[in-house]
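From first to last, the protein sequence lines stand for chains W and P. Under my numbering, residue 346 is the last one in the first sequence; the count climbs by one each step, no gaps. Under my numbering, residue 346 is the last one in the second sequence; the count climbs by one each step, no gaps.
2 protein chains.
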Amino acid sequence: MEPVAAESGGVDVLGIGNAIVDVVAYAEDRLLEQLDLVKGAMTLVDESRCEFLYRRMGPAHEVSGGSCANTMAALASLGGRAAYIGRVRDDQLGEVFGHDIRAAGVTFRSRPSTEGPSTARCLVFVTPDAQRTMATYLGACVELAPEDVDPELVRAAEITYLEGYLWDRPEAKAACRKAAAICHRAGRKLALTLSDPFCVDRWRGEFRELVTREVDILFANEAEITSLYEVADFDRALQEVRRHVHFAVLTRGARGSVVVRGEEVHVIDAVPPDRLLDTTGAGDLYAAGFLRGFTAGLDLGTCGRLGSLCAAEIIAQYGARAERPLRPLFDRVNGAGP
Amino acid sequence: MEPVAAESGGVDVLGIGNAIVDVVAYAEDRLLEQLDLVKGAMTLVDESRCEFLYRRMGPAHEVSGGSCANTMAALASLGGRAAYIGRVRDDQLGEVFGHDIRAAGVTFRSRPSTEGPSTARCLVFVTPDAQRTMATYLGACVELAPEDVDPELVRAAEITYLEGYLWDRPEAKAACRKAAAICHRAGRKLALTLSDPFCVDRWRGEFRELVTREVDILFANEAEITSLYEVADFDRALQEVRRHVHFAVLTRGARGSVVVRGEEVHVIDAVPPDRLLDTTGAGDLYAAGFLRGFTAGLDLGTCGRLGSLCAAEIIAQYGARAERPLRPLFDRVNGAGP
Numbered sequence: 009m010e011p012v013a014a015e016s017g018g019v020d021v022l023g024i025g026n027a028i029v030d031v032v033a034y035a036e037d038r039l040l041e042q043l044d045l046v047k048g049a050m051t052l053v054d055e056s057r058c059e060f061l062y063r064r065m066g067p068a069h070e071v072s073g074g075s076c077a078n079t080m081a082a083l084a085s086l087g088g089r090a091a092y093i094g095r096v097r098d099d100q101l102g103e104v105f106g107h108d109i110r111a112a113g114v115t116f117r118s119r120p121s122t123e124g125p126s127t128a129r130c131l132v133f134v135t136p137d138a139q140r141t142m143a144t145y146l147g148a149c150v151e152l153a154p155e156d157v158d159p160e161l162v163r164a165a166e167i168t169y170l171e172g173y174l175w176d177r178p179e180a181k182a183a184c185r186k187a188a189a190i191c192h193r194a195g196r197k198l199a200l201t202l203s204d205p206f207c208v209d210r211w212r213g214e215f216r217e218l219v220t221r222e223v224d225i226l227f228a229n230e231a232e233i234t235s236l237y238e239v240a241d242f243d244r245a246l247q248e249v250r251r252h253v254h255f256a257v258l259t260r261g262a263r264g265s266v267v268v269r270g271e272e273v274h275v276i277d278a279v280p281p282d283r284l285l286d287t288t289g290a291g292d293l294y295a296a297g298f299l300r301g302f303t304a305g306l307d308l309g310t311c312g313r314l315g316s317l318c319a320a321e322i323i324a325q326y327g328a329r330a331e332r333p334l335r336p337l338f339d340r341v342n343g344a345g346p
Numbered sequence: 009m010e011p012v013a014a015e016s017g018g019v020d021v022l023g024i025g026n027a028i029v030d031v032v033a034y035a036e037d038r039l040l041e042q043l044d045l046v047k048g049a050m051t052l053v054d055e056s057r058c059e060f061l062y063r064r065m066g067p068a069h070e071v072s073g074g075s076c077a078n079t080m081a082a083l084a085s086l087g088g089r090a091a092y093i094g095r096v097r098d099d100q101l102g103e104v105f106g107h108d109i110r111a112a113g114v115t116f117r118s119r120p121s122t123e124g125p126s127t128a129r130c131l132v133f134v135t136p137d138a139q140r141t142m143a144t145y146l147g148a149c150v151e152l153a154p155e156d157v158d159p160e161l162v163r164a165a166e167i168t169y170l171e172g173y174l175w176d177r178p179e180a181k182a183a184c185r186k187a188a189a190i191c192h193r194a195g196r197k198l199a200l201t202l203s204d205p206f207c208v209d210r211w212r213g214e215f216r217e218l219v220t221r222e223v224d225i226l227f228a229n230e231a232e233i234t235s236l237y238e239v240a241d242f243d244r245a246l247q248e249v250r251r252h253v254h255f256a257v258l259t260r261g262a263r264g265s266v267v268v269r270g271e272e273v274h275v276i277d278a279v280p281p282d283r284l285l286d287t288t289g290a291g292d293l294y295a296a297g298f299l300r301g302f303t304a305g306l307d308l309g310t311c312g313r314l315g316s317l318c319a320a321e322i323i324a325q326y327g328a329r330a331e332r333p334l335r336p337l338f339d340r341v342n343g344a345g346p
């Protein structure tokens, strides 16, 4: 029997997202050009394009991914109580995804699909500058639907955390709407990450309305927030955020992050990593650190610093799932560590 | 169409081995104790034990492995012409294995099994001291048989490189015998790696005869060579090697390596790694460096130094497949690099 955080007295954060296995390979910039991939972006691809790209990709390794799932795995590794909802198929990669998220300590009870497309995969091309360029085949993720949202789990969670990527599929979006309604009725908090500037482009109108009316905590990076408000620089986006959103966590890569809640504003430095190998997961891990601190009742500045520590940890390795337990980082900011 | 080194003017090294996908996870020592695993060793397990161990394993990542396949992938990454024979199943992990070895530039034409056990996997537990403890489910590898050995490929290869692990299955051993006979009739060289001290324990008599009569280049680490001759220390093993084997490459971890060919003896220092994260693949990569140098006509001391450079590269990362191209290491020892 897997450990079920939900059954042992509540959940800090329930994440809902696309359940994806990452296929990560080193690539030179000229390969991206040859393959007509937009550097730094996540592009959705169909199965045949995915197969074509995989054949051209270098030797790779596989690691469970999915932005929101990465955040939940890291939250659990930090000692938080995390749960996750997402769809895989009953194939080898689906087994890998389920194993990894449960082994990380996350409650994951979504049943795998027994027919239809295979488990989703994301081809991640890591260039020498440590940037990642992604091509995602959504596969079984397209089966995610409102009936996958377990109302008990939503009510048990202090925060329900959605990823913007889910807006790309109508049924997944409906699942998010259902979760949001249950969450608010239960007096819980709803969080959203904007996921990707191109995703914001596709759903700008809906996202603007959502962040103004329904989202309690907004996560976005600089490219996403400037895309949301169609402004040219970060400070202009910040002014828009302060007019429309009560509580936002805005990440800026090496330039750190800004946390805004009403009148409260924190400008937090990035933590320089031991080495810069692969930026995959920097935003996901920042969110995990922030949410871990927030649900533990730490002040917002400390939450941001824990986010920065987690981001620095993940960009010093390949992939977005930490190779070593993250708990010592929480202990450090919480005054219990060395 | 994959690049086929064999069709473009010969092969430096043809490897025959167990085609395995590694499932690599960080583990505390006490988990090994709880699971009754022999630290530092490779244990063969059946499917149900493999499933049991996987459920207890932490979050993992998957990367193509197999000792001999690791060596061939690294040889190709160093700019050598490599080919590989091994059996996978036509499942997702088999697809991963085939992709990775071909993408590394290795000629791999073994057809996947369409029935029978799934692609082999090796659960690799990496402890804080960077040691790896392995449990291998051989799966589709048990289907490897003499008919998989393509005589053309053996004749095209300057060296045929076998892994001792193959002795654990009678049909695979028969495949090795067939390859050895073709290799010698064609006036080519036969190389063998002893793979693992417990494997040597299981096949000591046969291995002793083999290395004396048939093997042109023997690869072994300290534990394996002392096990082969049942002696207490390295120097005693070395004296036995010099009596029985014309050409041997003996690795000793941080204590470096010793290369013996007739009267010629080289004692080569290890290269300190940037960091020590996971010793998986140190021996495989040393062999790749050595074989790349040897087939390029470099002197034995330089071959050993290239082996040491490759080993240092791989122990600074998780897993036994290099994350970045190895060619610069070859260029460095060959006087062409920076």
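Virtual Cβ for every residue (Gly too), placed ideally from N, Cα, C.
Residue interval of the beta strand (DSSP E) (run including residue i)
| i | result |
| --- | --- |
| glutamate 171 of chain W | 165–171 |
| leucine 200 of chain P | 197–201 |
| glycine 23 of chain W | 19–24 |
| threonine 141 of chain P | 140–145 |
| leucine 218 of chain P | Segment 212–221 is the alpha helix (DSSP H) holding leucine 218 of chain P; no beta strand (DSSP E) there. |
| threonine 347 of chain P | This structure cannot speak to residue 347 of chain P, because chain P is shown only from 9 to 346. |
| arginine 269 of chain W | 265–269 |
| serine 72 of chain P | 68–72 |
| tyrosine 62 of chain W | Here tyrosine 62 of chain W belongs to no beta strand (DSSP E); instead the alpha helix (DSSP H) covers 55–64. |
| valine 341 of chain P | Element bounds for valine 341 of chain P: not the beta strand (DSSP E) but the alpha helix (DSSP H), 335–341. |
| threonine 303 of chain W | First-last for threonine 303 of chain W: 290–303, but that is the alpha helix (DSSP H), not the beta strand (DSSP E). |
| leucine 52 of chain P | 50–52 |
| valine 273 of chain W | 272–276 |
Short CB-CB distance (under 7 angstroms) between residue i and chain W
| i | result |
| --- | --- |
| aspartate 99 of chain P | yes |
| glycine 305 of chain P | no |
| arginine 119 of chain P | no |
| aspartate 108 of chain P | yes |
| glutamate 331 of chain P | yes |
Limits of the unbroken alpha helix (DSSP H) element including residue i
| i | result |
| --- | --- |
| asparagine 229 of chain W | Counting along the chain, asparagine 229 of chain W falls outside any alpha helix (DSSP H), though it belongs to the beta strand (DSSP E) covering 225–229. |
| aspartate 243 of chain P | 242–252 |
| methionine 80 of chain P | 75–85 |
| alanine 320 of chain W | 308–323 |
| serine 126 of chain P | Segment: none, serine 126 of chain P is in no alpha helix (DSSP H) and carries neither H nor E. |
| valine 31 of chain W | It is not in any alpha helix (DSSP H) - valine 31 of chain W instead sits in the beta strand (DSSP E) that spans 28–34. |
Proximal residues to residue i (C-beta, below 7 angstroms), its chain only, five neighbours per side dropped
| i | result |
| --- | --- |
| glutamate 10 of chain W | At glutamate 10 of chain W the pLDDT is 41, less than 50, meaning the model places this residue with poor confidence and gives no usable figure here. |
| glutamate 214 of chain W | Trp175 |
| alanine 330 of chain P | Ala82, Ser85, Glu321 and Ile322 |
| arginine 250 of chain P | Val268 |
| phenylalanine 242 of chain W | Glu230, Thr234 and Arg260 |
Per-residue burial, residue i [other beta carbons within 10 Å of its own, 16 or more giving buried]
| i | result |
| --- | --- |
| leucine 146 of chain W | buried |
| glycine 113 of chain P | buried |
| serine 203 of chain P | buried |
| glutamate 232 of chain W | buried |
| valine 96 of chain W | buried |
| glycine 297 of chain W | buried |
| serine 56 of chain W | exposed |
| proline 280 of chain P | exposed |
Any C-beta of chain P under 7 angstroms from that of residue i
| i | result |
| --- | --- |
| glycine 94 of chain W | no |
| aspartate 339 of chain W | no |
| glycine 66 of chain W | yes |
| tyrosine 34 of chain W | yes |
| alanine 112 of chain W | yes |
Own chain residues within Cβ distance below 6 angstroms of residue i, not counting five before or after
| i | result |
| --- | --- |
| methionine 142 of chain P | Met50, Cys130 and Val132 |
| phenylalanine 227 of chain P | Thr201, Val257 and Ala295 |
| valine 31 of chain P | Ala68, Glu70, Arg129 and Leu131 |
| lysine 47 of chain P | Leu40 and Thr141 |
8 angstroms Cβ shell around residue i - same chain, five flanking residues per side excluded
| i | result |
| --- | --- |
| alanine 138 of chain W | Leu284, Leu285, Asp286, Thr287 and Ile323 |
| histidine 254 of chain W | Asp224, Arg269 and Gly270 |
| aspartate 54 of chain W | Tyr145 |
Q | Proximal residues, the segment 140–152 of chain W versus chain P, C-beta separation under 7 angstroms | A | Listed by position, the residues of the segment 140–152 of chain W near chain P (Cβ gap below 7 angstroms) amount to none.
Q. Between the segment 45–72 of chain P and chain W, which residues of the former have CB atoms less than 8 angstroms from a CB of the latter, in chain order?
A. Residues of the segment 45–72 of chain P with a Cβ closer than 8 angstroms to any Cβ of chain W, in chain order: Tyr62, Arg63, Met65, Gly66, Pro67, Ala68, His69, Glu70, Val71 and Ser72.
Q) When Cβ atoms are compared, which residues of the segment 71–86 of chain P fall closer than 9 angstroms to chain W? A) Legend: CB atoms of the segment 71–86 of chain P lying less than 9 angstroms from CB atoms of chain W belong to residues Val71, Ser72, Ala81 and Ser85.
Q) Which residues, in chain order, does the segment 307–329 of chain W contribute to contact with chain P at a C-beta distance below 9 angstroms? A) Answer set for the segment 307–329 of chain W: Gln325, Tyr326, Gly327 and Arg329.
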